[in-house]
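Protein chains: 2
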Amino acid sequence: MNASRAPVRQSSVRAHNLALVLQTVANSADRPSRAAIAGATGLTRATVSALVDDLIAGGLLIELDPAPRTGAGRPAAGLALASQGPAGLGLEINVDYQAACVVDLTGAVRHRFVARRDQRLLSPGTALAELGDLAVQARAAAEADGLVLAGAALAVPGLVAADGLVRVAPNLGWLDVRVPDLAGLPVTVDNEANLAALGELRADGAEPTFLYVSGEIGIGAGIVLDGGLYRGGRGWSGEIGHVTVFPDGRPCRCGANGCLEQYAGQEAVAADPDLAASALGIALSAVVNLLDIGVVVLGGAYAPEFDRLRPGIEAELHRRVLTADLAPVTLRPAALGSEAAMRGAADAVIRSVREDPAGWLAQAV
Amino acid sequence: MNASRAPVRQSSVRAHNLALVLQTVANSADRPSRAAIAGATGLTRATVSALVDDLIAGGLLIELDPAPRTGAGRPAAGLALASQGPAGLGLEINVDYQAACVVDLTGAVRHRFVARRDQRLLSPGTALAELGDLAVQARAAAEADGLVLAGAALAVPGLVAADGLVRVAPNLGWLDVRVPDLAGLPVTVDNEANLAALGELRADGAEPTFLYVSGEIGIGAGIVLDGGLYRGGRGWSGEIGHVTVFPDGRPCRCGANGCLEQYAGQEAVAADPDLAASALGIALSAVVNLLDIGVVVLGGAYAPEFDRLRPGIEAELHRRVLTADLAPVTLRPAALGSEAAMRGAADAVIRSVREDPAGWLAQAV
DNA sequence: TCGGATTTGTTTATTGGTTGAATTATTTGG
DNA sequence: CCAAATAATTCAACCAATAAACAAATCCGA
Chain A
0 MNASRAPVRQ
10 SSVRAHNLAL
20 VLQTVANSAD
30 RPSRAAIAGA
40 TGLTRATVSA
50 LVDDLIAGGL
60 LIELDPAPRT
70 GAGRPAAGLA
80 LASQGPAGLG
90 LEINVDYQAA
100 CVVDLTGAVR
110 HRFVARRDQR
120 LLSPGTALAE
130 LGDLAVQARA
140 AAEADGLVLA
150 GAALAVPGLV
160 AADGLVRVAP
170 NLGWLDVRVP
180 DLAGLPVTVD
190 NEANLAALGE
200 LRADGAEPTF
210 LYVSGEIGIG
220 AGIVLDGGLY
230 RGGRGWSGEI
240 GHVTVFPDGR
250 PCRCGANGCL
260 EQYAGQEAVA
270 ADPDLAASAL
280 GIALSAVVNL
290 LDIGVVVLGG
300 AYAPEFDRLR
310 PGIEAELHRR
320 VLTADLAPVT
330 LRPAALGSEA
340 AMRGAADAVI
350 RSVREDPAGW
360 LAQAV
Chain C
0 MNASRAPVRQ
10 SSVRAHNLAL
20 VLQTVANSAD
30 RPSRAAIAGA
40 TGLTRATVSA
50 LVDDLIAGGL
60 LIELDPAPRT
70 GAGRPAAGLA
80 LASQGPAGLG
90 LEINVDYQAA
100 CVVDLTGAVR
110 HRFVARRDQR
120 LLSPGTALAE
130 LGDLAVQARA
140 AAEADGLVLA
150 GAALAVPGLV
160 AADGLVRVAP
170 NLGWLDVRVP
180 DLAGLPVTVD
190 NEANLAALGE
200 LRADGAEPTF
210 LYVSGEIGIG
220 AGIVLDGGLY
230 RGGRGWSGEI
240 GHVTVFPDGR
250 PCRCGANGCL
260 EQYAGQEAVA
270 ADPDLAASAL
280 GIALSAVVNL
290 LDIGVVVLGG
300 AYAPEFDRLR
310 PGIEAELHRR
320 VLTADLAPVT
330 LRPAALGSEA
340 AMRGAADAVI
350 RSVREDPAGW
360 LAQAV
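If you want it as structure tokens, here you go:
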């Protein structure tokens, strides 16, 4: 949003342009040539060639056979993201399962490990030790494939401070839990809805600005603005579950009355889908009025109920969103299934590599 | 949020570092020396000297007598923003007055012109013609001072599209109004709450992330995240006045029921301050739960009533914000008075110069 | 079958911009 | 009056992107 406070030197220019080239390849449907990248980015062919050489040497890009020929001229060498380079370890702890996955630079899920078990019976230490076992398995599987784990990220259903401390995860019974290194890797911890939103962002055809709402026992939201996650001042954004919909309504476990969670949580949806849709519609109208977000993605337990919920939500949106006549709000179910958060966690790792390839190249020497 | 899509060349490096130096001077309480800037930014003294030379030659910085000496060594030459360089023309049209002001690079208001008159009696064309007269006066006054207007911005109470078209301004009776050049300058048009929020951002001691709420006949909000205004996908963010507080409550002119505006608009505040405070508290709790914003600034008609409203609002915030125990929400009245929007408009212009001095230097040749 | 047209990718000299070290400038303190 | 200290400038070196020329590999038409 504002100019960064850091000086820029020549090496920053190279870092930026390396990222630019890598992202251009990543966002291309086909296998772009160096010349195509030059055209798309505005860099010269010479510069692109030099940058691509670095990226290939660093194992982030590979050269492929030319795409189907068309017209005269020297055939182009196709470029693609390397599937043997760095990979991300995505982890998730939720109420009734733990899971780990390995996602490579292309976004493909290479390995999945799931342990189904009620986490509420375990102490945080025990749960994390079991998750550590999954992480070790995943790491071994990744390395057998020639992949190098660039990092690990963990999705938890709770409030996570900026430094990774899990302040409170009510449905796990966690309070002020610090996540240790797992499988020898430092772990970035984030809220499950945030990471699921990131996963959704990666899915095909995703818009750069949307709200992801995840209905589980609690309700969380991930706010994606302009292709980036908005975390808020302290990292606690997206607590849509405690937006008030009926000021004097049902008491909530948080101490307030009429929170959305009491009308559109998992049990409430099962008990009265129409009420849930209406309550969701009221809360989503508030979000749209405040943030002017044109797309809302429903995930978690909402996804299978999407068709049932849609009319009720849309009715409220149409009635309560001031700009509904000027531009409609699009509602759609999540593209990823129940593992969106884990996928998003892994994506967050590879995203960091794609956004700063220079950092990866430097540390990979 | 995400890496920009544009290539970076050497000239971008210089543009960035010019902005960095200029902002460092602007944010310094005292008059920093070149060496101090080098220390603060991480650039070398040689680079800072070269950049400062450009900025002085371009009329953006001036060299002053050294600050009070301390210790041995060659005395430093103090640097400060030029008060004779570019200036911003801030304009405002509201229900019962028009206004124009000239703000120089240091943020000082150099001239003010106000025409008090009910705008609802005027057609948009007539109103804009009268505003044009104010703009011409302001321009003449600025030029008599040796100032050069770098641009103009206009605050209107309504929805403004990204291209500057005023889609609807209900209290002015405007519909799809295009604002022409005024005083020979192209005019950037924006929502009044957005610009007032920017003005507030410039005020001393302002936080980089806050919500500005402006209570007039309607209620608007400006969302400032990380030192920048968040405008939303189509520029229509901040419509807090139509957030639902009582789903089956009073009918609103927008067609919905129970909008905040019906409980905390100007008349409602006068009629029942306690209800207004409670309704505001409910809506603000939604904002804080969603965006994790730690500071709320009350402006417009709320500012004079601040002490009266505060307890009621805080009670709701405390009850309804999930993270209220982890970190309190600060409530404060706006620092700027009724002219916040006009000041913010002028600030927006000089902000654009401060964020891109290279652009100014290039066009000023 | 051969040569021009065409497009891709590389090479090379040039330019813009920062860096670091040396140099000059200007003050305080003994 | 000279040494120490701090500020600012000068200059050679370096890094990265650019533009233009060049090399490579294909298509197409005669």
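Protein sequences appear in the order of chains A and C.
Using numbering that gives the first Met the number 0, you'd call the opening residue of the first sequence number 0 and step up by one each time.
Using numbering that gives the first Met the number 0, you'd call the opening residue of the second sequence number 0 and step up by one each time.
Here a beta-carbon is modelled for each residue, glycine too, at the ideal position from N, C-alpha and C.
From a predicted model like this one, the values you see are computed outputs, not experimental measurements.
Mapping DSSP to helix, strand and coil, what is Ala154 (chain C)? strand
Of the residues A:Ala49, A:Leu200 and A:Tyr211, the one placed nearest Leu297 (chain A), counting alpha carbons only: A:Tyr211
Considering only C-alpha positions, which residue in the set A:Asp175, A:Gly183, A:Thr208 and A:Leu153 is nearest to Asn190 (chain A)? A:Leu153
Please state whether DSSP places Trp359 (chain C) in a helix, a strand or coil. helix
Excluding the 5 residues preceding and the 5 following Gly336 (chain C) in the sequence, name in chain order all residues of the same chain whose CB lies nearer than 8 Å to its CB. Ala302
Specify the secondary structure class of Thr46 (chain A) as computed by DSSP and reduced to three states. helix
Where Asn26 (chain C) falls: helix, strand or coil (DSSP): helix
DSSP three-state call for Asn256 (chain A): helix, strand or coil? strand
Keeping to the same chain, check which residues put their C-beta closer than 7 Å to that of Asp53 (chain C); ignore five residues upstream and five downstream. Leu17 and Leu360
Segment contact flag, the stretch 69–89 of chain A with the stretch 41–52 of chain C, C-beta cutoff 8 Å, min 3 pairs: no
Report the residues of the stretch 311–332 of chain C with a CB closer than 8 Å to any CB of chain A, ordered along the chain. Arg318, Arg319, Val320, Leu321, Thr322, Leu325 and Ala326
Assuming Thr329 (chain C) and Gly299 (chain C) make a contact with CB atoms under 8 Å, what is their CB distance in whole Å? Not a contact, Cβ separation roughly 19 Å.
To the nearest angstrom, how far is the alpha carbon of Phe245 (chain A) from that of Ala278 (chain A)? 8 Å
Where Ser32 (chain A) and Ala79 (chain A) are concerned, what is the direct C-alpha to C-alpha distance, given to the nearest angstrom? 9 Å
Quickly, what does DSSP pair Gln97 (chain C) with across the bridge? List them, please. C:Ile92 and C:Ala114
Could you please tell me which residues of the stretch 181–213 of chain A, in chain order, have their CB closer than 7 Å to any CB of chain C? Thr208
Touching by the beta-carbon criterion (3+ pairs, under 8 Å), the stretch 302–317 of chain A and the stretch 143–150 of chain C: no
From Gly150 (chain C) to Gly58 (chain C), what distance separates their C-alpha atoms? 16 Å
Are the C-beta atoms of Trp235 (chain C) and some chain A residue less than 8 Å apart? yes
Taking Ser284 (chain A) as the query, report the chain C residues whose CB atoms sit under 7 Å from its CB, ordered along the chain. Thr243
Counting only Cβ-Cβ distances shorter than 8 Å, please list the residues of the stretch 161–183 of chain A near chain C, keeping chain order. Arg166
Using a C-beta to C-beta distance shorter than 8 Å, which residues of chain A count as neighbours of Leu42 (chain C)? Pro6
Would DSSP call Phe305 (chain A) helix, strand or coil? helix
Within-8 Å CB hit, Leu290 (chain A) to chain C: yes
Beta strand (DSSP E) containing Val268 (chain A): first to last residue? First-last for Val268 (chain A): Gln265 to Ala270, but that is the alpha helix (DSSP H), not the beta strand (DSSP E).
So, do the stretch 127–143 of chain C and the stretch 179–187 of chain C have three or more beta carbon pairs nearer to each other than 8 Å? yes
Just the Cα atoms here: how many angstroms apart are Ala134 (chain C) and Arg166 (chain A)? 54 Å
Beta-carbon within less than 6 Å of Pro334 (chain C)'s beta-carbon, same chain only, minus the 5 sequence neighbours each way: which residues are those? Inspection of the sequence shows that residue 334 (chain C) is occupied by Ala rather than by Pro. The answer, listed in chain order, is Ala202.
Is there at least one Cβ from chain A nearer than 8 Å to Val352 (chain C)'s Cβ? no
Selected residue, minimal CA-CA separation from Arg370 (chain A), among A:Ala285, A:Pro356 and A:Val102: With chain A covering 0 to 364 only, the question about residue 370 (chain A) has no answer from this structure.
Would you list, in chain order, the members of the stretch 15–29 of chain C that have their beta-carbon closer than 7 Å to a beta-carbon of chain A? His15, Asn16, Ala18, Leu19 and Gln22
Closest Cα partner of Arg30 (chain C) within the set C:His241, C:Gly72 and C:Thr105: C:Thr105
Keeping to the same chain, check which residues put their C-beta closer than 7 Å to that of Leu224 (chain C); ignore five residues upstream and five downstream. Thr208
Taking the alpha-carbon positions, what's the Val159 (chain A) to Tyr262 (chain C) distance? 35 Å
Identify whether Ile239 (chain A) lies in helix, strand or coil by the three-state DSSP scheme. helix
Of all Cβ atoms in chain C, is any one closer than 8 Å to the Cβ of Val12 (chain A)? yes
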